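Beneath this line is the structure, given in structure tokens, with notes to follow.
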């Protein structure tokens with residue numbers, strides 16, 4: 190058990206003997222506090238044939254826990270003015286929230302029950318599954334989201350391609366026994382993170398958490414390493430929609446990589462500000478799309494890019510061609526002015542992210558999960574500032590943009606030459 | 190010309206001779222600054238037959254202004270790390286953004302050009318219209334949004350029912366001359382508001398704005414008063430979707446009304462926290478819907494409620510019945526515990542909203558527009574705290590929930606008994 194304070198920031202870290210870690214950024218002048226309990230067990234480690242279990246379980250955890258039934262728990266959360274956050278993800282499940290700092294200790298008591306002692310009641314779990322089934326069915330009316338779910342499946346042809354929404358088969362097969370057994374096996378403290386930001390008394394929180402979780406033991410099952418496809422793939426989902434959805438996935442680098450910040454700044458050159466390449470080349474000049482963007486995404490040990498365009502069926506082939514052309518053209522080099530603009534935008538966003546306790550709690554939870562530590566903001570600032578056109582060129586030399594996984598959804602099948 | 194500082198808060202106000210008002214909340218310890226220029230001229234006052242003009246105009250204003258062409262303006266905004274905000278609304282158009290406080294003066298110089306001296310270039314306006322047309326067409330793939338656009342049209346059967354997205358006819362008829370004439374006639378300083386929050390030097394900003402806008406004169410056309418339908422209406426949009434969308438609009442009260450805070454707290458009892466009535470009665474107990482909510486909305490001088498449910502076609506009639514039943518049941522009274530919980534949730538949200546410069550700039554711009562002044566946070570806190578079950582009962586006695594405007598979209602036409 191140890192507490193450390195980072196030299197360069199106000200981040201405080203404390204390790205519990207059972208494998209939990211507390212990371213906190215107390216912020217002066219804030220009245221609100223935000224927290225995120227991250228259990229390192231998400232959709233990727235669901236039992237085969239029970240896809241969607243984690244999201245049903247996460248919802249069910251709030252339907253009564255410890256001494257409180259469903260109604261009493263909802264009322265207790267509302268009595269503390271808690272805005273609930275979190276949810277199930279591929280790699281982990283988070284139980285998050287925010288409220289006034291004064292209510293934080295009482296809120297953490299409730300959340301300890303929610304994670305450790307949910308009642309998983311017989312008479313409510315089917316309503317929770319019903320909601321998950323409806324949520325899945327609603328994808329049919331949300332073409333962009335449906336396309337992204339499929340893009341993910343195609344790009345990661347293994348457990349990391351799973352959607353936290355699950356599948357019709359998995360949700361239908363689910364039983365209450367599955368949920369109870371799974372909660373007992375997978376919701377374990379080893380690797381669990383509690384991230385806090387805002388109006389937080391760190392020492393008092395450490396004492397409270399040690400007391401609440403000291404008799405919790407064990408580790409969740411390991412999930413293996415994410416592996417993406419390494420060759421070009423094209424898949425079309427024929428659907429009678431008004432607009433055509435275009436999604437592209439391709440390799441990036443994880444936050445542990447020497448070229449990580451080159452990758453991030455390059456992505457901002459492509460899709461950061463108003464003058465970014467995709468915005469000007471695809472949207473403004475040609476009026477091809479109502480929406481176009483690219484972003485850097487990642488799993489632990491694996492970085493990847495996602496690009497998106499929404500357009501009319503008639504313009505969709507040209508849009509895809511121009512989009513892939515712009516992605517490839519990044520390897521031909523970026524200008525000094527583009528890099529400087531991208532850096533300013535990223536640093537400005539970083540400062541604005543700092544304003545929000547919730548955004549900061551989520552960011553430090555993720556840092557701790559992915560890197561095993563929280564990057565101080567001045568470390569990020571220095572790394573972003575050091576990026577140059579030459580370092581970006583070196584990145585693209587190592588990892589040229591190619592082998593695109595393309596998924597389209599709409600009335601028109603396209604040619605996706607890679 | 191006068192500058193006033195509110196007794197109870199840090200809000201500062203300054204009136205310019207041309208009718209513009211500057212309202213600011215400088216916040217200690219913030220590095221970011223956010224602003225919103227609110228021009229009191231939105232979709233409601235578009236020329237007949239040119240619906241959608243304002244949103245095309247707003248986008249076009251960023252395509253070159255003053256000494257800068259489109260590319261130079263985008264680069265200049267990116268050089269300052271500006272995250273652009275704002276857009277066109279029914280009552281007004283906002284030009285907003287956020288960046289580091291150090292860049293604020295340079296940003297305001299650019300925004301003065303964008304609003305006053307947009308180039309409205311011949312060779313770019315059709316691409317901007319094309320984007321607006323695509324955005325409108327994308328509604329066909331977004332059933333919930335499409336339903337809300339129609340609900341608004343039915344509830345306000347006049348210019349206030351217009352969607353800022355416009356109509357196919359209006360956008361198609363549009364010419365560059367329309368845009369130029371409209372900009373000259375409607376973008377005028379009388380009633381224009383500049384709201385600022387965060388890292389702002391108020392006195393310096395006042396000097397700068399006076400210089401930038403001193404030779405701008407005139408008033409936009411008046412828009413008349415919003416008037417909603419006063420009897421029950423049901424309209425169904427038959428569409429082959431997977432889920433059924435249900436929207437309800439009904440009367441509320443504006444922020445000038447003596448019962449305004451009773452109305453807001455009552456809405457939170459209905460749809461605030463996890464134990465709120467709609468959430469427990471419609472979603473949790475019965476598993477009827479994947480999404481259900483109610484919210485208080487408003488125009489200047491007019492308050493109204495919007496309720497929403499998304500569900501399967503099979504459950505849609507029961508969902509609508511339960512939803513309308515819960516809306517009506519509010520008039521039978523709320524408990525002390527419900528009111529206390531709703532108040533805690535609202536006050537907690539208020540504190541969290543304070544964290545964000547952008548949210549605060551938008552809120553004070555809207556207060557100034559609707560009320561002609563900014564409500565200090567402690568005034569809101571005191572008013573919310575004073576609400577009781579008895580004062581809510583008095584509100585519902587004056588304005589019982591009835592005469593619902595119901596719009597459904599999906600495969601099934603329903604019975605909407607009112």
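Residue numbers (the working numbering), protein chains in the order written: chain U, 190 to 607; chain E, 190 to 607.
Backbone N, C-alpha and C fix where the C-beta goes; we use that ideal spot for every residue, glycine too.
Quick caveat, the model's predicted, so the values are computed rather than measured.
- With contact defined as three or more Cβ pairs closer than 8 Å, the region 533 to 550 of chain E and the region 564 to 572 of chain E are in contact.
- Interface residue (Cβ-Cβ distance to chain U less than 7 Å): residue 451/E is not classified as such.
- Counting along the chain, residue 486/U sits inside the beta strand (DSSP E) bounded by residues 478 to 488.
- Secondary structure within the region 336 to 375 of chain U: not one fully enclosed beta strand (DSSP E) run of 3 or more consecutive residues is present.
- Taking the Cα positions, residue 279/U is about 21 Å away from residue 549/U.
- DSSP, reduced to helix, strand and coil, places residue 449/E within a helical segment of the structure shown.
- For the C-beta of residue 581/E, not a single chain U residue is nearer than 8 Å; the gap to the nearest is close to 17 Å.
- Measuring C-alpha to C-alpha distances from residue 488/E to each of 413/E, 212/E, 384/E, 588/E identifies 413/E as the nearest.
- Listed along the chain, the chain E residues whose CB falls inside 7 Å of the CB of residue 273/U are 463.
- Of the residues 592/E, 558/E, 586/E, 295/E, the one whose Cα lies closest to the Cα of residue 281/E is 558/E.
- Residues of chain E with a Cβ closer than 8 Å to the Cβ of residue 219/U are, in chain order, 544.
- Among the residues facing chain E, residue 323/U is included, as its CB has a counterpart in that chain under 7 Å away.
- Taken through DSSP and simplified to helix, strand or coil, residue 228/U comes out as strand.
- Listed in chain order, the alpha helix (DSSP H) runs fully inside the region 535 to 570 of chain U are 546 to 560, counting runs of at least 4 residues.
- Counting other Cβ atoms within 10 Å of its Cβ, residue 309/E reaches 16 or more and is therefore classed as buried.
- For residue 233/U, the closest of 334/U, 289/U, 347/U by C-alpha to C-alpha distance is 347/U.
- Straight through space, the alpha carbons of residue 224/E and residue 579/U are spaced by roughly 36 Å.
- According to the DSSP secondary-structure assignment, residue 419/E is paired through a beta bridge with no residue.
- Note that the C-beta distance between residue 442/U and residue 448/U is below 7 Å.
- No residue range can be given for residue 251/E, since it is assigned to no alpha helix (DSSP H) and is classified by DSSP as neither H nor E.
- With respect to the 7 Å criterion, residue 508/U and residue 477/U are classified as neighbours on the basis of their beta carbons.
- A distance below 6 Å between beta-carbons, with the five flanking residues on each side excluded, links residue 350/U to the following residues of its chain, in chain order: 341, 342.
- Residue-level contact check: residue 312/U does not touch chain E, since none of the beta carbons of chain E fall below 7 Å from its beta carbon.
- For residue 548/E, no Cβ of chain U is located within less than 7 Å of the residue's own Cβ.
- Taking 3 residues as the minimum length, the beta strand (DSSP E) runs contained wholly in the region 369 to 409 of chain E are 382 to 387, in order along the chain.
- Within the model, the alpha-carbon separation for residue 219/E versus residue 283/E is close to 23 Å.
- For residue 497/E, the nearest beta carbon of chain U is not closer than 7 Å to its own beta carbon.
- From the beta-carbon of residue 268/U, the residues of chain E found nearer than 7 Å are 530, 533.
- The DSSP-derived three-state label of residue 467/U is helix.
- Remark: C-beta atoms of residue 387/U and residue 221/U approach each other more closely than 7 Å.
- Residue pairing for residue 431/E: DSSP places it in no beta bridge.
- Residues of the region 465 to 495 of chain U that bring their beta carbon within less than 9 Å of a beta carbon in chain E comprise 465, 468, 469, 472, 473, 474, 475, 476, 477, 478, 479, 480, in sequence order.
- Look at residue 279/E here: in three-state DSSP terms it is coil, with no helix or strand label.
- Close to chain U, meaning a Cβ-Cβ distance shorter than 9 Å, are the following residues of the region 283 to 306 of chain E: 287, 288, 289, 292.
- Between residue 254/E and residue 307/E, the C-beta spacing is below 7 Å.
- The alpha-carbon of residue 369/E is positioned some 14 Å away from that of residue 409/E.
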